[in-house]
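To keep things clear, I will list the structure first and then write my remarks on it.
Protein chains: 2
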Amino acid sequence: MYKKITTSVQDYLKVIYELTAAGQSASTSALAVRLKLAPASVTGMMQKLASTKPALVEYHKHRGVKLTAGGRRAALEVIRHHRLIEAWLVETLGYSWDEVHSEAEKLEHVISEEFEARIASALGYPLRDPHGEPIPSADLVMPPDQGIALAKLKPVQEACVLRVHAQDAGFLKHLDQLGLVIGARLEVLEVSPYDQVMQIQLRGRAGTIALGPAITNRVFVSTSD
Amino acid sequence: MYKKITTSVQDYLKVIYELTAAGQSASTSALAVRLKLAPASVTGMMQKLASTKPALVEYHKHRGVKLTAGGRRAALEVIRHHRLIEAWLVETLGYSWDEVHSEAEKLEHVISEEFEARIASALGYPLRDPHGEPIPSADLVMPPDQGIALAKLKPVQEACVLRVHAQDAGFLKHLDQLGLVIGARLEVLEVSPYDQVMQIQLRGRAGTIALGPAITNRVFVSTSD
DNA sequence: TAAAATATTTAGGTTAACCTAAATTACACT
DNA sequence: AGTGTAATTTAGGTTAACCTAAATATTTTA
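Note that the protein sequences, when read in sequence, are chains A and B.
Heads up: the first sequence at position 126 corresponds to 126 in this note's numbering, and the numbers run straight through without jumps.
Take any residue in the second sequence, count from 1 to its spot, add 225: that is its number in this note's numbering.
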């Protein structure tokens with residue numbers, strides 16, 4: 001159906017998918033920031049992707065793009081590759097969750113479907129990557145995101161960390177040092193009214209820790225109630 | 226030292242290394258055939274590789290190229306990646322020796338040094354890939370090739386298969402079906418004088434098999450004497 | 001609602017890595 | 001030593017994916 005979807009195009013599609021999934025519009029400038037490209041380059045690529053035989057995106061000047069069904073499929077294929085590779089690097093090569101993103105970012109574009117199938121099978125068909133993000137199924141259905149933002153909790157609520165929405169290595173290493181890892185159990189002690197800084201207590205750890213919104217909006221948890 | 230050695234350049238360097246190691250000259254046309262490119266493209270690339278700050282090749286018009294020390298290092302780095310990846314696909318994902326080449330061909334260009342180190346360690350620092358080819362060491366020294374060509378043997382000599390110099394999937398699958406795999410033990414029964422067809426008997430297998438030079442020149446063995 | 005600020009697009013490069021066709025050089029042999 | 005063939009190089013494109021600077025739209029704000 002599609003000729004050869006290049007690495008660059010795969011990156012564009014992935015970012016469009018992610019922006020759209022986060023409820024934001026896939027505007028030229030948002031794409032340019034995420035992809036670290038000049039806005040003019042993004043415009044050019046959008047025009048191209050919208051005008052290939054089976055279009056990958058739907059493009060309306062000055063109002064961003066949306067993925068077509070084919071574009072969405074291609075994006076999910078790359079995201080599935082990315083997340084399976086991350087899971088597998090952690091599982092079989094002892095990588096930590098902060099190291100896998102950059103490696104997966106390169107491998108995701110070159111592995112075969114055979115390879116994808118073999119790692120999925122070797123890992124027992126995992127549903128989530130090392131950050132708790134859902135892995136699209138082999139037939140490219142994205143499972144729903146897990147958990148609610150930690151920022152939404154009120155004092156004295158208890159919760160369990162399900163997912164961390166981040167890819168920056170430094171940020172992830174920091175969370176790891178705090179003990180804020182997948183499966184960690186915590187209790188919200190208090191929330192400061194003006195800056196939303198949250199005091200939490202991690203089960204099995206001494207002392208409390210203070211977390212700003214930059215963190216609490218990226219950590220997703222389940223609550224018992 | 227070197228800016229960014231692209232995937233294409235890595236491919237050129239690898240083929241130059243292989244031709245040179247096989248005692249052949251790395252001529253424009255030989256490179257063009259191996260890389261499946263037009264000769265004119267090869268000439269252009271050779272001129273470029275010879276004229277970058279620290280040159281990767283030494284180039285003399287009409288008489289092919291030789292790798293510089295830097296070029297050789299870059300080539301060995303890629304070959305080490307390739308062979309480690311092959312070993313690791315067979316070892317951990319159950320690939321067969323005829324399936325690994327094409328996958329490794331893509332992955333070799335994108336893995337990090339960290340990844341290389343981790344698979345080398347996970348495999349216990351293997352010395353040879355699934356075809357018996359030597360894996361350059363971490364400090365980029367290529368171990369000597371193992372074995373002598375099966376074609377060199379005389380009737381009634383016994384031998385053990387150490388290495389198969391081939392990457393074509395069909396060819397390797399064929400050898401596998403014959404039972405001509407790494408470690409197989411065999412006895413040369415007779416060699417036909419005009420076409421060099423060799424009759425061999427594989428230990429643990431019924432019947433004899435006949436092999437032409439296209440095969441016996443690519444299978445390398447050790448003999449007891 | 002008009003001007004200012006911001007976002008986006010157009011126009012016109014650049015680089016890497018290919019290609020084909022034509023010209024040239026090297027080599028092999030009578 | 002001259003000539004024909006084969007190998008190689010030169011010349012002049014092409015494509016993909018970027019860039020900067022200038023032009024134009026859109027949105028915000030006074």
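For glycine and all other residues, C-beta sits at the position ideal for the given N, C-alpha and C.
All values reported here derive from a predicted model rather than from experimental measurement.
Q) Considering residue 315 of chain B, what are the terminal residues of the alpha helix (DSSP H) in which it resides? A) For the purposes of this step, residue 315 of chain B is taken as the residue at position 90 of the second sequence. Note, residue 315 of chain B: alpha helix (DSSP H), 294-318.
Q: Alpha carbon to alpha carbon, how far is residue 377 of chain B from residue 93 of chain A? Give it in angstroms, no decimals.
A: Along the first sequence, read from residue 1 onward, the residue named residue 93 of chain A stands at position 93. Along the second sequence, read from residue 1 onward, the residue named residue 377 of chain B stands at position 152. C-alpha separation (whole angstroms): 42 Å.
Q) Roughly how far, in whole angstroms, is the beta-carbon of residue 267 of chain B from the beta-carbon of residue 257 of chain B, given that I think they are within contact range, below 8 Å? A) Here residue 267 of chain B refers to the residue found at position 42 when the second sequence is read from its first residue. Here residue 257 of chain B refers to the residue found at position 32 when the second sequence is read from its first residue. Residue 267 of chain B to residue 257 of chain B, Cβ: 5 Å. Contact.
**Q.** DSSP state of residue 223 of chain A mapped onto helix, strand, coil
**A.** In the first sequence, the residue the question calls residue 223 of chain A occupies position 223. Residue state, collapsed to three classes: strand.
Q) Which runs of the alpha helix (DSSP H), 4 residues or longer, sit entirely within the region 328-400 of chain B? A) 338-347
Q: Could you list the residues in the region 104-118 of chain A with a C-beta less than 9 Å from some C-beta on chain B, going in chain order?
A: 106, 107, 109, 110, 111, 112, 114, 115, 118
Q) Taking Cβ positions only, does residue 153 of chain A come closer than 8 Å to chain B? A) If you number the first sequence from 1, residue 153 of chain A lands on position 153. No - not a single Cβ of chain B is within 8 Å of the one on residue 153 of chain A.
Q: With DSSP collapsed to three states, give me the class of residue 228 of chain B.
A: Residue mapping note: residue 228 of chain B aligns to position 3 of the second sequence, counting from 1. Residue 228 of chain B: coil per DSSP, three-state reduction.
Q | Straight-line gap, residue 189 of chain A to residue 199 of chain A (C-alpha atoms, nearest Å) | A | One-based indexing of the first sequence puts residue 189 of chain A at position 189. One-based indexing of the first sequence puts residue 199 of chain A at position 199. C-alpha separation (whole angstroms): 5 Å.
(Q) Taking its Cβ as the centre, do 16 or more other Cβ atoms sit within 10 Å of residue 247 of chain B, making it buried, or is it exposed? (A) Looking up residue 247 of chain B in the second sequence gives position 22. It counts as exposed.
Q. Are residue 140 of chain A and residue 76 of chain A touching if we call contact CB-CB under 8 Å?
A. Taking the first sequence and counting its residues from 1, the one referred to as residue 140 of chain A is at position 140. Taking the first sequence and counting its residues from 1, the one referred to as residue 76 of chain A is at position 76. Yes, the pair counts as a contact, with Cβ atoms nearer than the cut-off.
Q. Is residue 309 of chain A helix, strand or coil when you go by DSSP?
A. Outside the displayed span of chain A (1 to 225) sits residue 309 of chain A, for which this structure offers no information.
Q: Starting from residue 317 of chain B, find everything on chain A with Cβ-Cβ shorter than 8 Å and list it in chain order.
A: By one-based count along the second sequence, residue 317 of chain B stands at place 92. Ordered by position in chain A, the residues that pass the 8 Å Cβ test against residue 317 of chain B are 92, 122.
**Q.** Selected residue, minimal CA-CA separation from residue 121 of chain A, among A:131, A:100, A:91, A:108
**A.** The residue labelled residue 121 of chain A in the question sits at position 121 within the first sequence. Checking every option, the nearest Cα to that of residue 121 of chain A belongs to A:91.
Q: Specify the secondary structure class of residue 261 of chain B as computed by DSSP and reduced to three states.
A: Here the question's residue 261 of chain B lines up with position 36 in the second sequence. Three-state result, residue 261 of chain B: coil.
Q | CB contact flag (residue 306 of chain B, residue 328 of chain B, <8 Å) | A | By one-based count along the second sequence, residue 306 of chain B stands at place 81. By one-based count along the second sequence, residue 328 of chain B stands at place 103. In this structure, residue 328 of chain B does not lie closer than 8 Å to residue 306 of chain B by Cβ.
Q. Do you know offhand how far residue 233 of chain B's Cα is from residue 34 of chain A's?
A. On the second sequence, position 8 is the one that residue 233 of chain B refers to. On the first sequence, position 34 is the one that residue 34 of chain A refers to. Spanning the two alpha carbons is a distance of roughly 27 Å.
(Q) Below 8 Å on the Cβ atoms is my contact criterion, and I expect residue 127 of chain A with residue 219 of chain A to pass it. Report the Cβ-Cβ distance as a whole number of Å. (A) Counting from 1 along the first sequence, the entry for residue 127 of chain A is found at position 127. Counting from 1 along the first sequence, the entry for residue 219 of chain A is found at position 219. No, residue 127 of chain A and residue 219 of chain A are not in contact; Cβ-Cβ is about 19 Å, not under 8 Å.
Q: Would you please state the rounded distance, in angstroms, between the beta carbons of residue 20 of chain A and residue 66 of chain A? I believe it to be under 8 Å.
A: Looking up residue 20 of chain A in the first sequence gives position 20. Looking up residue 66 of chain A in the first sequence gives position 66. Indeed, because the Cβ distance is near 7 Å, the residues count as touching under 8 Å.
Q: Using the DSSP secondary-structure output, state which residues sit across from residue 284 of chain B in a beta bridge.
A: Translated into positions along the second sequence, residue 284 of chain B becomes position 59. B:290.
**Q.** Exposed unless 16 or more other CB atoms sit within 10 angstroms - verdict on residue 239 of chain B
**A.** Mapped onto the second sequence, residue 239 of chain B falls at position 14. Counting Cβ neighbours within 10 Å, residue 239 of chain B comes out buried, since at least 16 surround it.
Q. Ordered along the chain, which non-local residues of its own chain (more than five positions away) have a Cβ less than 6 Å from that of residue 390 of chain B?
A. Translated into the one-based positions of the second sequence, residue 390 of chain B becomes position 165. Closer than 6 Å at Cβ, skipping near neighbours: 443.
Q) Could you give the C-beta distance for residue 435 of chain B and residue 446 of chain B, rounded to a whole number, given that I count them as a contact under 8 Å? A) In the second sequence, the residue the question calls residue 435 of chain B occupies position 210. In the second sequence, the residue the question calls residue 446 of chain B occupies position 221. In fact, because the Cβ distance is near 17 Å, the residues do not count as touching under 8 Å.
Q) Roughly how many angstroms lie between the CA atoms of residue 28 of chain A and residue 61 of chain A, to the nearest whole one? A) Residue 28 of chain A sits at position 28 when you count from the first residue of the first sequence. Residue 61 of chain A sits at position 61 when you count from the first residue of the first sequence. Answer to the nearest angstrom: the Cα atoms are 10 Å apart.
Q | Other residues of its chain near residue 401 of chain B: CB distance less than 8 Å, five sequence neighbours each side excluded | A | Translated into the one-based positions of the second sequence, residue 401 of chain B becomes position 176. 321, 322, 323, listed in sequence order.
Q: Look up residue 440 of chain B in the DSSP assignment and say whether it is helix, strand or coil.
A: Looking up residue 440 of chain B in the second sequence gives position 215. Note: residue 440 of chain B maps to helix in three-state DSSP.
Q) What does a CB cutoff of less than 7 Å around residue 57 of chain A pick up in its chain, not counting 5 residues either side in sequence? A) For the purposes of this step, residue 57 of chain A is taken as residue 57 along the first sequence, with counting starting at 1. The answer, listed in chain order, is 16, 46, 49, 50, 65, 66, 67, 68, 71.
(Q) Please classify residue 6 of chain A as buried or exposed, where buried requires at least 16 neighbouring CB atoms within 10 angstroms. (A) Within the first sequence, residue 6 of chain A is the residue found at index 6, counting from 1. Per the 10 Å Cβ criterion, exposed.
Q: Just the C-alpha distance for residue 167 of chain A and residue 194 of chain A, rounded to the nearest angstrom, thanks.
A: Within the first sequence, numbered from 1, the residue matching residue 167 of chain A stands at position 167. Within the first sequence, numbered from 1, the residue matching residue 194 of chain A stands at position 194. In a straight line, the C-alpha of residue 167 of chain A is about 28 Å away from that of residue 194 of chain A.
**Q.** Nearest to residue 417 of chain B (by Cα), restricted to the options B:380, B:227, B:408
**A.** Here residue 417 of chain B refers to the residue found at position 192 when the second sequence is read from its first residue. That would be B:380, whose Cα lies nearest to the Cα of residue 417 of chain B.
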